[in-house]
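Using the numbering used here, the letters of the sequence shown correspond one by one to residues 3 to 142.
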Amino acid sequence: MISSELIANTATEECTSAVLEMIGVDSPKKGDVSYMVFDTKVDDKQFFCCWSGGEVKDKEVELTAVGVGALEALSRVEAETREGIDVFVLNSSDRDDLINEVKQAFSKIEDRSRVCFVGDVAGTLRNWLPEAFNVKNWQQ
């Protein structure tokens with residue numbers, strides 16, 4: 003069973019400033035900028051994950067500005083993990099397919115990995131991701 007918690011995190015100030023500039027925001031309305039980064043448990047394994055907006059173009063993953071911020075925030079999570087970050091592109095077009103796709107991704111990676119899930123996280127996948135990851139502290 004998958005169980006996730008959104009964790010407090012932040013990318014570097016430089017990265018966040020660049021992200022805010024790219025999306026046309028001067029500064030956040032309140033508090034620090036936080037990204038979709040999670041501590042996720044699947045059975046007896048633990049993973050640290052992020053949801054990054056992006057798509058595949060010409061066999062290359064291209065992240066949105068916020069997706070880059072989420073990836074950097076994931077890289078800055080203070081935890082003992084394996085080296086590197088695994089990347090999975092989410093291609094599902096419905097809820098059940100997404101849940102299965104996420105489960106399959108976790109079955110392919112080692113315990114204590116960092117994982118970046120890339121897709122249309124602000125659009126098509128937005129309402130299904132919290133359920134697929136079973137996020138316990140999700141606020142809409």
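Built from N, CA and C at the ideal position, the CB exists for glycine as well.
**Asked** Cα separation between Gly69 and Leu131?
**Response** By one-based count along the sequence shown, residue 69 stands at place 67. By one-based count along the sequence shown, residue 131 stands at place 129. If I take the Cα positions, the gap works out to 15 Å.
**Prompt:** Which one of Ala134, Val44, Phe40 has the shortest CA to CA distance from Asp98?
**Reply:** Within the sequence shown, the letter at position 96 stands for residue 98. If we check each option's Cα against that of Asp98, Ala134 comes out closest.
**Request:** Measure the C-alpha to C-alpha separation of Asp46 and Arg116 and round it to an integer number of angstroms.
**Result:** The sequence position of residue 46 within the sequence shown is 44, counting from 1. The sequence position of residue 116 within the sequence shown is 114, counting from 1. C-alpha separation (whole angstroms): 16 Å.
**Prompt:** Can you list, in chain order, the residues of its chain whose CB lies under 7 Å from that of Val89, leaving out five sequence neighbours each side?
**Reply:** Taking the sequence shown and counting its residues from 1, the one referred to as residue 89 is at position 87. The answer, listed in chain order, is Val63, Cys118, Val120.
**Request:** Using the Cα positions of Ser19 and Arg84, report the straight-line distance between them to the nearest angstrom.
**Result:** Taking the sequence shown and counting its residues from 1, the one referred to as residue 19 is at position 17. Taking the sequence shown and counting its residues from 1, the one referred to as residue 84 is at position 82. Taking the straight line from one Cα to the other gives about 29 Å.
**Asked** Taking the Cβ atom as the reference point for each residue, do Asp96 and Gly55 lie within a distance shorter than 8 Å?
**Response** As a first step, residue 96 is located in the sequence shown; it is residue number 94 there, counting from the start. As a first step, residue 55 is located in the sequence shown; it is residue number 53 there, counting from the start. Their beta carbons are not under 8 Å apart, which means Asp96 does not touch Gly55 by this criterion.
**Request:** Between the Cα of Trp53 and those of Lys61, Asp41, Asn102, spot the shortest distance and give me the residue it belongs to.
**Result:** Within the sequence shown, the letter at position 51 stands for residue 53. Cα-wise, what sits closest to Trp53 is Asp41.
**Request:** Compare the beta carbon distance of Ala10 and Ser36 with 8 Å and say whether it is the shorter of the two.
**Result:** In the sequence shown, residue 10 corresponds to position 8, counting from 1. In the sequence shown, residue 36 corresponds to position 34, counting from 1. Yes, Cβ-Cβ distance for Ala10 and Ser36 is below 8 Å.
**Prompt:** Excluding the five sequence neighbours on either side, which residues of its own chain have a C-beta within less than 7 Å of the C-beta of Gly125, listed in chain order?
**Reply:** Indexing the sequence shown from 1 puts residue 125 at position 123. Within the same chain, Gly125 has no close Cβ partners at all.
**Request:** Just confirm the distance between the C-beta atoms of Glu7 and Asn139, as a whole number of angstroms; I'd bet it's less than 8 Å.
**Result:** Counting from 1 along the sequence shown, the entry for residue 7 is found at position 5. Counting from 1 along the sequence shown, the entry for residue 139 is found at position 137. Going by Cβ atoms, the distance from Glu7 to Asn139 rounds to 5 Å, so yes, they are a contact pair.
**Request:** Work out the CA separation of Met38 and Lys110 for me, nearest whole Å.
**Result:** Residue 110 sits at position 108 when you count from the first residue of the sequence shown. Residue 38 sits at position 36 when you count from the first residue of the sequence shown. Between Lys110 and Met38, the C-alpha separation is close to 22 Å.
**Message:** Please identify the residue among Leu92, Phe50, Leu76, Glu82 whose C-alpha is closest to the C-alpha of Ile4.
**Reply:** By 1-based counting over the sequence shown, the position of residue 4 is 2. Of all alpha-carbon atoms in Leu92, Phe50, Leu76, Glu82, the one lying nearest the alpha-carbon of Ile4 is that of Phe50.
**Prompt:** Got a sec, what are the start and stop residues for the beta strand (DSSP E) Ile87 sits in?
**Reply:** What you label residue 87 is simply residue 85 of the sequence shown in a count that begins at 1. Here the beta strand (DSSP E) through Ile87 covers 87-91.
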